[in-house]
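Peer 1:
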Amino acid sequence: MTTGVTTSAKPKVVVTGIGAAAPNGVGTHDYWSATRVGRNAIGRVTRFDPTPYPARLAGEITGFTAADHLPSRLLPQTDRMTRIALAAADWALTDAKADPASFDAYEMGVITASSSGGFEFGQNELRKLWSMGSQHVSAYQSFAWFYAVNSGQISIRNGMKGPSGVVVSDQAGGLDALAQARRQIRKGTPLILSGSIDAPICPWGWVAQLAGGRLSTVEDPERAFVPFDPDAAGHVPGEGGAILVMEDAERAVERGARAYGELAGYGATFDPAPGSGREPGLRRAAELAMADAGVAADEVDVVFADAAGVPELDRVEAEVITGLFGPRGVPVTAPKTMIGRLCSGAAPLDVATALLAIEEGLIPPTTNTSPDPGLGLDLVLHQPRPASVRTALVLARGHGGFNSAVVVRGTD
Amino acid sequence: MSGRRVAITGIGVTAPGGVGTKAFWDLLSHGRTATRAISTFDASGFRSRVAAEIDFDPEQSGLSPQQVRRMDRAAQLAVVSAREAVSDSGLEFVDLDPHRTGVTIGSAVGATMGLDQEYRVVSDGGRLELVDHRYATKHLYDHFVPSSFSAEVAWAVGAEGPVSVVSTGCTSGIDSVGHAVELIREGTADVVVAGATDAPISPITLACFDAIKATTPRDDDPATASRPFDRSRNGFVLGEGAAVFVLEELGAALRRGAHVYAEVAGYASRCNAFHMTGLRPDGAEMAEAIRVALDEARVDPTDVDYVNAHGSGTKQNDRHETAAFKRALGEHARRTPVSSIKSMVGHSLGAIGSIEIAASALAMEYGVVPPTANLRTPDPECDLDYVPITAREHRTDTVLSVGSGFGGFQSAIVLARPDRRTP
Amino acid sequence: MPEQRFTVDDLTRILTEGAGADETVDLSGDILDTDFEELGYESLALLETCGLIEREYGITLDDDTVTEHRTPRAMVEAVNARLSATV
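In order, the protein sequence lines correspond to chains C, H and V.
End of the first sequence = 735 in our numbering, gap-free, step of one.
End of the second sequence = 413 in our numbering, gap-free, step of one.
End of the third sequence = 94 in our numbering, gap-free, step of one.
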């Protein structure tokens, strides 16, 4: 009965374009040039006066002038994160040499992650509401702050009418978005812009993040965010992320596109309820992603760590990595030590970084940290490490118990 | 994992007019409206002062004092609805593999109410630009990132598989269920507790909808303020609520003898790529979403027995949507009952898509189509059978439910009897 | 009343502040009778603009101002009519 039917593997999904925006480099070229050599960009907050707050450091994007990239009509109606996301989407499409006009509108979609939406826009409107009255609230508040705004604005700017979406799972969401993009590509949409940009560095966003209890109050920019270090005392928040062009591999080849690599595996889990005493879900997420990609532990060339910078969470992650790969069994890096944790933008940027590491054969370093040797990690420290990198595992965790993992693999 | 199908086996609804699915259906099937003058704060300075509020006491609904303290109202509504859905499903969650159980919760505006109130405090009534962290609640981070909603539901039901919030504006409630269906079909999960919640009735929401004149200013007649498809319609009525479902792989549900409300047979979402708030009158992208969802369900347009409309009651939406139905269903659009429950329970933004899926499943269950309340003066531009005023007995084997939202998102979902014949 | 008069220059200033300006349109040219749509302003931009005018001039415009007044000339006249009504 099944003669002639072949059970083919699931279609491959590749990344063909990267638009990165980070505190140490805006645009993929500048970002990678800075990251590959470990250039730090953590400093005292400049976007507002941080003096009254116990945490005063951030990874801020400098040198991004929205008006240079976007029409003036878009500026009054967009939060900073949306402006950066629109520019990053443009860069990703340019990098992929993908002209939206050459695709059918329904053949392109946009799937992004968000953590807190356009929080600064919301802050400004809340301030007007409570200090001046409801008539002073902008018409744009009806969408400029909400979680779906980046997907909506990117789809409008680029004429993309296909399956679109937005996922929120704190920092893990950035990987969940990429996986959802892969899912929609496999269901038949050839191209999806995916990833995330977040930018909640404003007083209101600062107070909200302080409430989470994980911000480092260390004053020294080189000692404030030191994951896996015995002195780890929280993280420094940052802004930015990456937007990626993801495509069906065959269609990408047909149009002559170059692929950085394949999103080969994905897994997502949720921790047991607090107080259960059972094992957190991070290891299971990594195992699911590796099984999905069909890679064994000895095929993984580098792990991009979530690197919470909170001792208990660092210990859990180190145990997962040594449990899967053995003590010092795989190079591990956390370039986010240069720029801070970027909310939902962090993980897509790590995926972009992994693909750039594969392309150059160079693992970017983890900066500032002096890891606890007892954790058993082979952390790539201070200097980049030349290495033949074909397969990378990217880990991400979100507040509340979210765990996601992605395996990317270079194309042959 | 191909061939896996997805069943709704449990429903929990917390909507205006009463807590629980029974109260919800009672309201709909009697065509009563739950829209009223805003009672939870002084709305006298606003243009639109009418809303569909729930008389909801979280502790009476079973939440502990600590749960109440840490959760925004939207999270409370979600957890209460999830518990009702679990109980309704008859599924013993303690016996499930937690790793194969997921959660997807939709929400358009997250913890808006909590954020609004917190901002007022930390800014001391808007006075402080550098808001004062010493006055912030410990739980502010959970309002900051609304994935806390799905975390709360996951803890409540013991899920440890894929857990996330889907936030696509006013189609979130459809997209969340659609995403859950994808997870079960592809084999990532066997059971997903899926739905949506929003509790947006707060000064900041009223203010921004006032600014774009999207909400109705019919403050002198709150009970008939929401008038989808009526010639006198002039905006939507803000609502709040949650609906959550237990979704299971159909074969497993049938084997355990579960009551199956419906199969979620097809789903699709498209973007208009046109405008953040505006709609082109032709409804082309919504029609495309409908076409793809019906195709996935292997349902012919002429098999649709009932259309649960977005029907927000704005001038542009109802015209747009009517055009989309005609475009997607052809002449059959004129022969099919179409109704908007927003006439009764208002528009709860990201939640309403799931609340409308609940209404659709219950319409199949009881053989009754809920009406479009307050529809007394037909609009020549909206010329379908909108089931005005009174619910109608009508056997329904296949329902199409749609949503449309800011950002340009257009979503469609198809519920059908699992034993229907497919071509 | 004359010092309260609302001019097309006031309108373009507020439009630009509240909604930016389309790079392909010269707002300093003769735009009085050009449809807002052609100037690059859709209803949302005009709603924001009306809100800013209302607050700056302390007036309330009718709900249908945006849909009824499709050109700068019509909008300026509508605002001036409201300004004289409130004096």
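Even for Gly, the Cβ is constructed at its ideal location relative to N, Cα and C.
Being a predicted model, the structure only gives us computed values, none of them experimental.
What residue ranges within the stretch 34 to 61 of chain H form continuous alpha helix (DSSP H) runs of no fewer than 4 residues, ordered along the chain?
Peer 2: Counting whole runs of 4 or more residues, the stretch 34 to 61 of chain H contains the alpha helix (DSSP H) stretches 55 to 60.
Peer 1: Along chain V, which residues have their Cβ under 7 Å away from the Cβ of C/His392?
Peer 2: Taking the first residue of the first sequence as position 1, residue 392 of chain C is located at position 69. The contacting residues do not exist; C/His392 stays about 13 Å from chain V at best.
Peer 1: Under the DSSP definition of a beta bridge, which residues are partnered with H/Gln400?
Peer 2: In the second sequence, counting from the first residue as 1, residue 400 of chain H sits at position 410. The partner list for H/Gln400 (beta bridge, DSSP) reads H/Arg260, H/Ser394.
Peer 1: Along the chain, where does the alpha helix (DSSP H) containing C/Thr417 start, and where does it finish?
Peer 2: Position 94 of the first sequence holds residue 417 of chain C. Looking at the DSSP string, the run of the alpha helix (DSSP H) that includes C/Thr417 is 403 to 418.
Peer 1: So C/Lys484 contacts chain H; which residues on that side make the cut at Cβ distance below 8 Å?
Peer 2: By 1-based counting over the first sequence, the position of residue 484 of chain C is 161. Ordered by position in chain H, the residues that pass the 8 Å Cβ test against C/Lys484 are Arg260, Cys261, Asn262, Ala263, Glu275, Glu278.
Peer 1: Using the beta-carbon count (16 or more within 10 Å), is V/His76 buried or exposed?
Peer 2: Within the third sequence, numbered from 1, the residue matching residue 76 of chain V stands at position 69. Its Cβ being crowded by 16 or more others within 10 Å, V/His76 is buried.
Peer 1: For the candidate residues H/Leu237, H/Thr23, H/Asp210, whose alpha-carbon lies nearest to that of H/Ala348?
Peer 2: Here residue 348 of chain H refers to the residue found at position 358 of the second sequence. It is H/Leu237.
Peer 1: Any residues in the stretch 613 to 634 of chain C with a beta carbon nearer than 8 Å to a beta carbon of chain H? Which ones, in chain order?
Peer 2: Listed in sequence order: no entries.
Peer 1: Put H/Ile(-2) into one of helix, strand or coil per three-state DSSP.
Peer 2: By 1-based counting over the second sequence, the position of residue -2 of chain H is 8. Note: H/Ile(-2) maps to strand in three-state DSSP.
Peer 1: Does the beta carbon of V/Glu49 sit closer than 8 Å to a beta carbon anywhere in chain H?
Peer 2: Taking the first residue of the third sequence as 1, we reach residue 49 of chain V at position 42. V/Glu49 counts as touching chain H.
Peer 1: Closer than 8 Å, Cβ to any Cβ of chain H: which residues of the stretch 431 to 453 of chain C, in chain order?
Peer 2: Listed by position, the residues of the stretch 431 to 453 of chain C near chain H (Cβ gap below 8 Å) are Gly432, Val433, Ser437, Ser438, Ser439, Gly440, Phe442, Gly445, Gln446, Glu448, Leu449, Arg450, Lys451, Leu452, Trp453.
Peer 1: Report back the beta-carbon spacing between H/Ser162 and H/Gly185 to the nearest angstrom; my notes put them in contact at under 8 Å.
Peer 2: Residue 162 of chain H sits at position 172 when you count from the first residue of the second sequence. Residue 185 of chain H sits at position 195 when you count from the first residue of the second sequence. Not confirmed; about 10 Å, so no contact.
Peer 1: Would H/Arg37 and H/Pro212 qualify as a contact pair, given that the criterion is a beta-carbon distance under 8 Å?
Peer 2: As a working mapping, residue 37 of chain H is identified with position 47 in the second sequence. As a working mapping, residue 212 of chain H is identified with position 222 in the second sequence. It is not a contact, given that the beta carbons lie outside the stated cut-off.
Peer 1: Give the residues of chain V in contact with C/Ala462, contact being defined as C-beta atoms less than 8 Å apart.
Peer 2: The residue given as residue 462 of chain C occupies position 139 in the first sequence. Chain V residues near C/Ala462: Leu51, Leu54, Glu55, Gly58.
Peer 1: Would a check of beta-carbon distances place C/Gln706 closer than 8 Å to chain H?
Peer 2: Here residue 706 of chain C is taken as the residue at index 383 of the first sequence, counted from 1. Answer no: the Cβ-Cβ gap between C/Gln706 and chain H never drops below 8 Å.
Peer 1: Can you give the beta carbon distance from C/Leu702 to C/Pro709, rounded, assuming they're within the 8 Å contact cut?
Peer 2: Residue numbering aside, residue 702 of chain C sits at position 379 when the first sequence is read from its first letter. Residue numbering aside, residue 709 of chain C sits at position 386 when the first sequence is read from its first letter. Not a contact, Cβ separation roughly 16 Å.
Peer 1: Any chance the stretch 230 to 244 of chain H sits against the stretch 307 to 327 of chain H, with 3 or more Cβ pairs inside 8 Å?
Peer 2: Because the criterion of three Cβ pairs below 8 Å is not met, the stretch 230 to 244 of chain H and the stretch 307 to 327 of chain H do not touch.
Peer 1: Classify H/Ser29: buried if its beta carbon has 16 or more other beta carbons within 10 angstroms, exposed otherwise.
Peer 2: In the second sequence, residue 29 of chain H corresponds to position 39, counting from 1. Flag for H/Ser29 reads exposed.
Peer 1: How about V/Asp69: is its C-beta nearer than 8 Å to some C-beta of chain H?
Peer 2: As a first step, residue 69 of chain V is located in the third sequence; it is residue number 62 there, counting from the start. Chain H contact via Cβ: absent.
Peer 1: What does the Cβ neighbour count give for H/Val84, buried or exposed, with the cut at 16 atoms within 10 Å?
Peer 2: Locating residue 84 of chain H in the second sequence gives position 94, where the first residue counts as 1. Exposed, because fewer than 16 other Cβ atoms sit within 10 Å of the Cβ of H/Val84.
Peer 1: Are the C-beta atoms of C/Arg370 and some chain V residue less than 8 Å apart?
Peer 2: Translated into the one-based positions of the first sequence, residue 370 of chain C becomes position 47. By this cut-off, C/Arg370 is not an interface position.
Peer 1: If you count every other CB in all the chains shown that lies within 10 Å of the CB of H/Tyr131, and 16 or more means buried, which is it?
Peer 2: Position 141 of the second sequence holds residue 131 of chain H. That one is buried.
Peer 1: Please compile the residues from chain C whose C-beta is within a distance smaller than 8 Å of the C-beta of V/Arg20.
Peer 2: For the purposes of this step, residue 20 of chain V is taken as residue 13 along the third sequence, with counting starting at 1. Here the premise fails: no neighbours, minimum Cβ distance about 13 Å.
Peer 1: Return the chain-ordered ranges of every alpha helix (DSSP H) run that is complete within the stretch 579 to 622 of chain C and spans a minimum of 4 residues.
Peer 2: Runs found: 605 to 616.
Peer 1: Tell me which residue opens and which closes the beta strand (DSSP E) that C/Thr339 is part of.
Peer 2: Numbered from its first residue, the first sequence carries residue 339 of chain C at position 16. Element bounds for C/Thr339: 336 to 345.
Peer 1: Around the Cβ of C/Arg367, are there at least 16 other Cβ atoms within 10 angstroms (buried) or fewer (exposed)?
Peer 2: As a working mapping, residue 367 of chain C is identified with position 44 in the first sequence. Flag for C/Arg367 reads exposed.
Peer 1: Does H/Val167 come within less than 8 Å of chain C when only Cβ atoms are used?
Peer 2: One-based indexing of the second sequence puts residue 167 of chain H at position 177. With 8 Å as the cut-off, H/Val167 does not count as an interface residue toward chain C.
Peer 1: How is C/Leu702 classed by DSSP in three states: helix, strand or coil?
Peer 2: In the first sequence, residue 702 of chain C corresponds to position 379, counting from 1. Strand, per DSSP.
Peer 1: Just confirm the distance between the C-beta atoms of C/Gly535 and C/Gly663, as a whole number of angstroms; I'd bet it's less than 8 Å.
Peer 2: Looking up residue 535 of chain C in the first sequence gives position 212. Looking up residue 663 of chain C in the first sequence gives position 340. That belief does not hold up - the Cβ atoms of C/Gly535 and C/Gly663 are roughly 14 Å apart, past 8 Å.
Peer 1: If C/Ala495 sits next to C/Arg720, beta carbons under 8 Å apart, how far is it from one beta carbon to the other, in whole angstroms?
Peer 2: Locating residue 495 of chain C in the first sequence gives position 172, where the first residue counts as 1. Locating residue 720 of chain C in the first sequence gives position 397, where the first residue counts as 1. C/Ala495 to C/Arg720, Cβ: 6 Å. Contact.
Peer 1: Return no unless some Cβ of chain V is closer than 8 Å to the Cβ of C/Ala395.
Peer 2: Looking up residue 395 of chain C in the first sequence gives position 72. Reading off the sequence, residue 395 of chain C comes out as Ser, not Ala. It does: the Cβ of C/Ser395 has a partner Cβ on chain V nearer than 8 Å.
Peer 1: Check whether the Cβ atoms of C/Leu678 and C/Val338 lie closer than 8 Å to each other.
Peer 2: Numbered from 1 along the first sequence, position 355 holds the residue referred to as residue 678 of chain C. Numbered from 1 along the first sequence, position 15 holds the residue referred to as residue 338 of chain C. Going by C-beta atoms, C/Leu678 is nearer than 8 Å to C/Val338.
Peer 1: Give me, in chain order, the residues of the same chain whose beta-carbon lies closer than 6 Å to that of C/Leu611; leave out the 5 immediate sequence neighbours on both sides.
Peer 2: By 1-based counting over the first sequence, the position of residue 611 of chain C is 288. Excluding residues within five positions, the ones whose Cβ falls inside 6 Å are Gly590.
Peer 1: With distance defined between alpha-carbon atoms, name the residue in H/Cys160, H/Val182, H/Arg260, H/Met276 nearest to H/Phe226.
Peer 2: Within the second sequence, residue 226 of chain H is the residue found at index 236, counting from 1. Of the listed residues, the one whose Cα sits closest to H/Phe226 is H/Cys160.
Peer 1: Taking its Cβ as the centre, do 16 or more other Cβ atoms sit within 10 Å of C/Glu577, making it buried, or is it exposed?
Peer 2: Within the first sequence, the letter at position 254 stands for residue 577 of chain C. By the 10 Å Cβ count, C/Glu577 comes out exposed.
Peer 1: Give me the Cα-Cα distance between C/Val625 and H/Ala64, rounded to the nearest whole angstrom.
Peer 2: To locate residue 625 of chain C, count along the first sequence from 1; it is residue 302. To locate residue 64 of chain H, count along the second sequence from 1; it is residue 74. Whole-angstrom Cα-Cα distance: 41 Å.
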